[in-house]
Amino acid sequence: MNIKRIAVFCGASSGTNPLYTEVADYLGRLLSQQNIELVYGGGKVGLMGVIADAVMQSGGKVIGVIPDFLYEMEVGHDEITELIKVKSMHERKWKMHELSDAIITLPGGFGTMEEVFEMLTWAQLNLHSKPIGILNINKFYNGLLEQADHMMAEGFLKPAYRKMLIDSTSADELLKLILESQIPTSIAALTESQT
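FYI, our numbering numbers position 90 of the sequence shown as 94, with every residue one higher than the one before it.
As structure tokens, this is what we get:
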């Protein structure tokens, strides 16, 4: 796949463990080194601010997408390459989706979960075929990955859909997996091949 931009979903908080900030900073620099542009939620605080600053400081490009009503609350980042203001949360997700070629999820709260699950759902419905990754820092997403395996084991999630979620504990490995991923143009075709 020709991946030029990656959308990163992550918290507007930094969390309690400094490792989250360190890895967000590292991923930002890694994206810049690979000449991959960052698309993110447009905030200046939390992990959002950390990764955006890291890309900018490394000479990369950053596109932020933020709803008008969150601009003040999340302290919209005016020192990035481009900040796009939208009307709603749904418009934010759709715009981030339109602008990106792949998705990476860092630690975050309910908003981060909602964003990545909507991307997974859209892929499951064959609305896109972009790689979707989870960076499992400090075992943050162990429970979520176990739940996905449980949903599959209980017959609520097809193996083909479970495979859509790429995960790693290493930023380098996750980016490599995403860049090398061979996502089919049709998730439906993948599902048919496994029935």
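Quick reminder that beta carbons are idealized off the backbone N, C-alpha and C, glycines included.
Contact between TYR30 and LEU51 does not hold, since their C-beta atoms are separated by about 12 Å, which reaches or exceeds 8 Å.
Nearest in C-alpha terms to CYS14, of all of HIS101, THR20 and VAL120, is VAL120. ILE107 places its beta carbon less than 8 Å from that of ILE10. Here the C-alpha atom of ALA16 lies approximately 21 Å from the C-alpha atom of SER36. For THR109, the pairing in a beta bridge is given by DSSP as PHE13 and ILE138.
Note that the C-beta distance between LEU42 and VAL12 is below 8 Å. Contact between ASP72 and LYS99 does not hold, since their C-beta atoms are separated by about 13 Å, which reaches or exceeds 8 Å. With a contact defined as Cβ atoms closer than 8 Å, HIS132 and HIS154 miss out at about 25 Å. Rounded to whole angstroms, THR125 and MET168 show a C-alpha spacing of 10 Å. In the structure shown, GLY63 falls within a coil segment according to DSSP collapsed to helix, strand and coil. Excluding five sequence positions before and after SER62, the CB atoms of its chain that fall closer than 6 Å to its own CB belong to ARG33 and SER36, given in chain order.
Linking LYS48 to ALA58 through their CA atoms gives a straight-line distance of about 12 Å. With respect to LYS134, SER172 sits apart: the two C-beta atoms are not nearer than 8 Å. Your pair LEU178 and GLY112 does not check out as a contact, with CB atoms roughly 16 Å apart and the cut at 8 Å. GLY45 is positioned such that its CB atom lies closer than 8 Å to that of ARG96. Between ALA175 and VAL79, the CB-CB gap reaches or exceeds 8 Å. For VAL54, the three-state secondary structure derived from DSSP is helix.
Secondary structure at ASP82: coil, using DSSP grouped into helix, strand and coil. Here ILE182 has ILE7, ILE10, ALA106, ILE108, PRO135, GLY137 and ILE170 as same chain residues with Cβ atoms under 8 Å from its own Cβ, once five neighbours each way along the sequence are excluded. DSSP places VAL49 in the coil class of the three-state scheme, outside both helix and strand. DSSP, read as helix, strand or coil, puts ILE170 in strand.
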